[in-house]
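Report on one structure; see the data block that follows.
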Amino acid sequence: MKMPVLKVDEPMMEFAVKNGQRVGLIMTNPTTEKPSQILFNEVSQRLGRKTLLVPRLCSNAFARLNQGDLAGHDAEVVEAVETMLKEVDLIMLAQISIARVRSQLDDSFRHRVLSSLDFIGARAKEIVGAG
Numbered sequence: 004m005k006m007p008v009l010k011v012d013e014p015m016m017e018f019a020v021k022n023g024q025r026v027g028l029i030m031t032n033p034t035t036e037k038p039s040q041i042l043f044n045e046v047s048q049r050l051g052r053k054t055l056l057v058p059r060l061c062s063n064a065f066a067r068l069n070q071g072d073l074a075g076h077d078a079e080v081v082e083a084v085e086t087m088l089k090e091v092d093l094i095m096l097a098q099i100s101i102a103r104v105r106s107q108l109d110d111s112f113r114h115r116v117l118s119s120l121d122f123i124g125a126r127a128k129e130i131v132g133a134g
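So the sequence shown is numbered by this note's numbering: it starts at 4 and just counts up by one.
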């Protein structure tokens with residue numbers, strides 16, 4: 004029996020690759036960057052698209068989070084998102100832990116900021132339904 008594998012960020016990345024030419028990747032944990040870039044490149048290649056990934060590490064946000072400063076963490080991520088939206092079509096939040104900042108974004112551009120939480124439920128249902 005083949006065991007299905009659920010890559011949490013894959014459905015979000017598929018959407019981003021299909022719908023953007025320049026896609027931002029916001030992360031706070033430095034260990035996230037390389038695996039996210041690898042998966043993004045795999046998705047782009049599989050879909051036959053040459054989508055540009057623009058990564059941005061909010062390293063101070065991660066330090067603030069580790070110190071218990073949630074407001075400082077969130078403020079840095081929000082600022083990075085607002086700045087990056089001027090350069091890219093869509094932004095992917097690389098960690099589920101930063102998805103909550105979307106509620107702090109202006110309604111006029113919130114739809115351009117993606118989280119794996121938006122896509123993972125449907126993918127899980129597909130996998131369970133196929134099994």
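Just so you know, even glycine gets a beta-carbon here, dropped at the ideal spot from N, CA and C.
Inset, instruction - State buried or exposed for V57, treating a residue as buried only when at least 16 other CB atoms are found within 10 Å of its CB. - result: So V57 ends up on the exposed side.
Legend entry - Pick from M15, L28, F122, E36 that is closest to T86, judged by C-alpha positions: Distance check between T86 and each of M15, L28, F122, E36 places L28 closest, using alpha-carbon atoms only.
Legend entry - 8 Å Cβ shell around V11 - same chain, five flanking residues per side excluded: Only I99, S119, I123 meet the Cβ criterion.
Inset, instruction - Express the C-alpha separation of R52 and K21 in angstroms, rounding to a whole number. - result: Put simply, the backbone Cα of K21 is about 8 Å away from that of R52.
Legend entry - Inter-residue spacing [alpha-carbon to alpha-carbon] between I41 and F65: Distance between the alpha carbons of I41 and F65 is about 22 Å.
Legend entry - Those residues which DSSP pairs with L88 across a bridge: BP columns for L88 are empty, so no partner.
Inset, instruction - May I have the straight-line CA-CA distance separating E17 from V80, to the nearest angstrom? - result: Each residue's Cα considered, the two are about 23 Å apart.
Legend entry - Length-filtered (3 minimum) beta strand (DSSP E) runs lying within the stretch 12-82: Correct list: 25-30, 55-60.
Legend entry - Residue from P14, V131, I130, L88 whose Cα sits closest to the Cα of F148: Any property of residue 148 remains undetermined from this structure, which presents the chain solely from 4 to 134.
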